[in-house]
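Asks: So the protein sequences, as listed, match chains A and B.
For the record, in the first sequence the residue sitting at position 167 is 167 according to full-length UniProt numbering, with numbers rising by one throughout.
For the record, in the second sequence the residue sitting at position 286 is 286 according to full-length UniProt numbering, with numbers rising by one throughout.
Positions of the beta carbon are idealized from the N, C-alpha and C atoms, including for glycine.
These numbers come from a predicted model, not from an experiment.
Protein chains: 2
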Amino acid sequence: MIPNEYRQCVVASRPEKSVTLDNFRLETVSMPELAEGEVLVRTDSVMVNPPAVVALNRGVAQQPPVPVGSVMWGQGVGAVVASKNESYSVGDRVVGPLGWAEYCVIGGEQLPNLRHNPLPAEIPATLALHVLGASGPTAYLGLIELGQPKLGDTVLVSAAAGTVGSLVCQLALAAGCTVVGIMGSDEKGEWLSSMGVHHVINYKREDIRARIAELCPKGVDVYFDNVGGETLEAALSNLAMHARVVLCGATSQYSDSGPFKGPSNYFDLVHNEATMRGFHIFHYMDRVPAVAGRLVPLLMAGKLQYKEDVLEGIEQAPNALLRVMKGENFGTQLVKLAAS
Amino acid sequence: MIPNEYRQCVVASRPEKSVTLDNFRLETVSMPELAEGEVLVRTDSVMVNPPAVVALNRGVAQQPPVPVGSVMWGQGVGAVVASKNESYSVGDRVVGPLGWAEYCVIGGEQLPNLRHNPLPAEIPATLALHVLGASGPTAYLGLIELGQPKLGDTVLVSAAAGTVGSLVCQLALAAGCTVVGIMGSDEKGEWLSSMGVHHVINYKREDIRARIAELCPKGVDVYFDNVGGETLEAALSNLAMHARVVLCGATSQYSDSGPFKGPSNYFDLVHNEATMRGFHIFHYMDRVPAVAGRLVPLLMAGKLQYKEDVLEGIEQAPNALLRVMKGENFGTQLVKLAAS
């Protein structure tokens with residue numbers, strides 16, 4: 001049963017510094033008529049993550065920032081409820097840039113971004129947003145292919161309890177490395193320890209640089225950076241010879257629309273013959289299905305644990321983003337809009 | 001005939017910001033007696049280059065800064081004039097950390113750093129300080145092995161008319177690349193053009209970032225960085241996908257003893273799947289002889305041109321360093337102390 005209207009969250013204003021609730025506005029809109037080729041999707045869950053801030057102030061994946069007045073960007077899972085496109089039938093489970101809205105019409109240029117959810121029914125559909133979506137392959141390609149951890153290496157991970165970070169930690173453990181995770185609460189630290197992470201650093205109450213030096217006496221062989229800023233500098237100060245730094249995110253720098261803080265000790269790369277490698281899953285989309293497939297057995301064997309932190313209702317989406325930016329979420333932040 | 005005394009240049013004070021003549025003091029000292037195992041070398045020429053500033057305020061090659069009151073650090077070539085060491089005979093041509101002094105006693109821990117000058121007599125001895133010393137292998141290993149230029153790539157080089165930079169440009173040309181050099185005078189630009197460098201940028205009167213964009217419309221595949229600072233940022237803003245940035249020097253950052261300026265756009269590495277690799281020849285000393293040997297045929301074929309900028313007399317050494325730091329030298333800065 002398709003309702004006559006639905007709710008969506010649009011960008012009300014561009015953040016001046018940190019994102020605030022005022023940057024969004026909840027609207028109720030009429031259900032549109034589908035044009036030829038279009039698909040109507042009911043969004044079951046939308047994922048809210050740091051790139052959302054980038055979508056607001058800089059634009060993600062080579063797109064311009066989300067225009068003021070438009071539905072906020074976000075990846076979601078849902079089901080097709082009406083279709084004038086022969087590739088999609090009512091009832092199909094899909095994943096794509098559904099945005100912060102209870103329903104979403106997808107057509108034209110956006111169609112290639114809507115994919116059939118590849119997961120079998122026994123795996124929760126939301127995993128197509130993280131472990132078996134982009135996050136798992138991000139962790140795998142960034143850590144394993146670019147970071148090239150060797151058995152016995154010390155791997156340091158920032159935002160280690162985050163969606164990507166927690167997967168990086170577990171893949172590094174599976175590859176036989178000593179793993180040190182940096183996170184922002186003792187509860188998250190306990191979760192990481194329970195997975196087998198050897199050492200954890202709570203950046204909110206510990207001196208990151210001193211603790212890395214203490215916990216990694218032979219230096220850091222692979223640093224997987226999700227945050228940038230002072231944490232990146234602390235890691236660069238503690239590299240082992242021939243270390244690999246994989247740049248995946250810079251959460252600490254996303255809020256401000258000004259230039260990022262460049263690491264003032266980047267020349268430690270010279271002192272250690274080290275490599276800093278930028279990486280974005282956007283450039284590897286053709287490899288995502290195969291890499292996600294490689295993760296399934298690890299997931300089934302319990303070697304890739306994950307957490308979801310679920311808020312309910314579209315009106316919670318802005319609050320979800322604020323929680324993410326403050327590190328208050330514990331697990332992949334989802335907003336559940338409908339029973340799937 | 002060994003004189004009774006000789007002149008040397010010692011560190012008088014540590015530079016507060018830029019190096020000044022006041023940071024050095026010329027002294028006349030008595031010729032010492034040699035102890036068992038020691039060698040007395042008459043310095044013919046000493047090389048003065050940007051790492052000298054690092055030796056003053058931070059220390060090079062994992063050594064502490066040169067102590068105030070000690071002879072200033074510098075690589076030189078000379079001849080053994082007295083020896084109580086069976087590995088060295090009077091008349092042997094040598095190369096090593098002779099310092100800013102007309103004579104130098106080498107013994108103890110310093111002995112492994114004194115090497116017989118490997119060059120045949122028909123090659124000027126001073127080339128053991130640059131093209132066939134550390135600079136040539138720095139250019140070769142940094143560009144060819146770490147930068148991995150492919151035929152048709154665009155290679156950007158800063159301090160392109162410098163000792164290392166000019167060799168990097170020529171090796172990149174020999175490897176079939178389009179070469180863009182950044183230097184600080186039109187005279188230096190003309191020299192680079194005469195070697196075949198395709199485009200030059202005079203950073204003293206041109207907008208580096210705009211000119212790189214204009215001259216490298218497909219982006220920079222390899223950037224060989226000798227200077228850091230704004231030039232590094234301008235290069236990072238113009239990378240091609242999968243670009244390689246080789247960090248070799250950061251001359252623009254050496255004078256100030258405070259932290260370096262980190263590149264605020266380091267995240268362009270992420271946007272371009274690019275790599276930034278630190279590199280110091282100090283870590284490759286065992287490979288220097290073989291790599292230098294590989295450069296000899298190129299040198300003989302005229303494919304590795306070089307310039308020497310020679311001042312005469314030990315009293316000129318501090319001035320030589322000031323010239324180097326201002327980019328006023330044209331060619332490898334040498335101070336000639338004696339007829340070889």
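Which word fits E117/A, buried or exposed, when buried means at least 16 other C-beta atoms lie within 10 angstroms of its C-beta?
Replies: Per the sequence shown, residue 117/A should be read as Asn rather than Glu. It is buried - the Cβ of N117/A has at least 16 other Cβ atoms within 10 Å.
Asks: Give the DSSP-derived three-state secondary structure of H271/B in the structure shown.
Replies: Looking at H271/B - three-state DSSP - the assignment turns out to be helix.
Asks: Just tell me which of Q8/A, K84/A and R42/A has its CA closest to the CA of I2/A.
Replies: Nearest C-alpha to I2/A: R42/A.
Asks: What does the alpha-carbon distance come out to for the pair L40/B and H280/B?
Replies: Cα-Cα distance, rounded: 30 Å.
Asks: By alpha-carbon positions, which one of G249/B, I106/B and A101/B ends up nearest to S83/B?
Replies: Answer by Cα proximity: I106/B.
Asks: List, in chain order, every chain A residue whose beta-carbon is nearer than 8 Å to that of S264/B.
Replies: In chain order: P259, F260, K261 and G262.
Asks: Closest by CA to T332/A, which one among T163/A, Y6/A, E16/A and V157/A?
Replies: Per the Cα distances, T163/A.
Asks: Should M276/B go down as buried or exposed, given a rule of 16 or more other Cβ atoms within 10 Å for buried?
Replies: That one is buried.
Asks: For G229/A, which of helix, strand or coil comes out of DSSP?
Replies: In the structure shown, G229/A sits in a helix (DSSP, three-state: H, G or I).
Asks: Taking a cut of 8 Å between CB atoms, which residues from the region 267-283 of chain A lie near chain B?
Replies: Cβ contacts with chain B come from F267, D268, L269, V270, H271, N272, E273, A274, T275, M276, R277, G278, F279, H280 and H283.
Asks: Kindly list, in the order they appear in chain A, the residues whose Cβ is closer than 7 Å to that of A52/B.
Replies: Going along chain A, no residue has its Cβ under 7 Å from A52/B, so there is no contact; the nearest lies around 17 Å.
Asks: Express the C-alpha separation of S166/B and V68/A in angstroms, rounding to a whole number.
Replies: Straight-line Cα distance between these residues: approximately 51 Å.
Asks: Is A79/B closer than 8 Å to V94/B when the C-beta atoms are compared?
Replies: Yes, they are a contact pair.
Asks: List the whole-angstrom C-beta distance separating F260/B from F267/A, where the pair is believed to meet the contact cut-off of C-beta under 8 Å.
Replies: Right, the Cβ-Cβ distance comes to about 6 Å (below 8 Å), so this counts as a contact.
Asks: Please go through the region 75-145 of chain B and give each complete alpha helix (DSSP H) segment of 4 or more residues, from N-terminal end onward.
Replies: Complete alpha helix (DSSP H) runs here, min 4: 135-139.
Asks: Among R211/B, L269/B and A161/B, which has the Cα closest to the Cα of S194/B?
Replies: Residue A161/B is the option with its Cα nearest to S194/B.
Asks: Give a yes or no on whether 8 Å exceeds the smallest Cβ distance from L247/B to chain A.
Replies: Yes - at least one Cβ of chain A is within 8 Å of the one on L247/B.
Asks: Report the option in T178/A, W100/A and L34/A whose CA atom is closest to the CA atom of residue 341/A.
Replies: Residue 341/A lies beyond the residue range present for chain A, which begins at 1 and ends at 340; the question has no answer from this structure.
Asks: Relative to the C-alpha of V90/B, which residue among T231/B, E38/B and P32/B is closest?
Replies: Looking at the Cα atoms, E38/B is the closest of the given residues.
Asks: For E315/A, which residues in the same chain have their Cβ closer than 7 Å to its Cβ, ignoring the five residues on either side in sequence?
Replies: Once the five neighbours on either side are set aside, the close Cβ partners of E315/A are L26.
Asks: Quick check on DSSP: helix, strand or coil for S45/B?
Replies: It is a strand residue.
Asks: Given V324/B, which residues of its chain have a CB within under 7 Å of its CB, disregarding the five upstream and five downstream residues?
Replies: Only V48, N49, P50 and Q333 meet the Cβ criterion.
Asks: Just checking D207/B against the ligand MN - is the residue's beta carbon closer than 7 Å to any of the ligand's heavy atoms?
Replies: The model depicted lacks the ligand MN and carries no ligand whatsoever.
Asks: I'd like the list of long-range same chain contacts for C104/A, defined as Cβ closer than 7 Å, with 5 residues on each side in sequence excluded.
Replies: Counting only Cβ-Cβ distances below 7 Å, and skipping sequence neighbours, we find V41, T43 and L98.
Asks: In the DSSP assignment, the alpha helix (DSSP H) including R25/B goes from what residue to what residue?
Replies: That residue, R25/B, is in no alpha helix (DSSP H); its beta strand (DSSP E) goes F24 to S30.
Asks: So what's H242/A in DSSP terms, helix, strand or just coil?
Replies: In the structure shown, H242/A sits in a strand (DSSP, three-state: E or B).
Asks: Would you say A250/B reaches chain A, if we count a Cβ-Cβ gap shorter than 8 Å as a contact?
Replies: Yes, contact with chain A.
Asks: From what residue to what residue does the beta strand (DSSP E) around Q305/B run?
Replies: Note, Q305/B: premise wrong, no beta strand (DSSP E); not H, not E.
Asks: Could you work out which residue in K17/A, Q62/A and N85/A is closest to V34/A when comparing CA atoms only?
Replies: A quick correction: the sequence has Leu, not Val, at residue 34/A. Checking every option, the nearest Cα to that of L34/A belongs to N85/A.
Asks: Determine the extent of the beta strand (DSSP E) in which G293/A is found, giving its start and end residues.
Replies: G293/A -> not in any beta strand (DSSP E); alpha helix (DSSP H) instead, spanning V288 to M300.
Asks: Specify, as a first and last residue, the run of the beta strand (DSSP E) that C9/A falls within.
Replies: That run of the beta strand (DSSP E) goes E5 to V11.
Asks: Please report how far the alpha carbon of Q63/A lies from the alpha carbon of A55/A, in whole angstroms.
Replies: When rounded, the distance between both Cα atoms is 8 Å.
Asks: So, with DSSP's three-state summary, where would you put Q253/A?
Replies: In this structure, Q253/A counts as helix in the three-state DSSP scheme.
Asks: Pick out whichever of E102/A, R211/A, K218/A and G147/A has its Cα sitting closest to the Cα of Y6/A.
Replies: Closest by alpha carbon: E102/A.
Asks: Leaving out the 5 sequence neighbours to the left and right, which residues in its chain are closer than 7 Å to Y254/B when beta-carbon positions are compared?
Replies: If we look at Y254/B and ignore the five residues flanking it on each side, its Cβ neighbours are P50, V53 and V54.
Asks: So, helix, strand or coil for F282/B, using DSSP?
Replies: Here F282/B sits in helix by DSSP.
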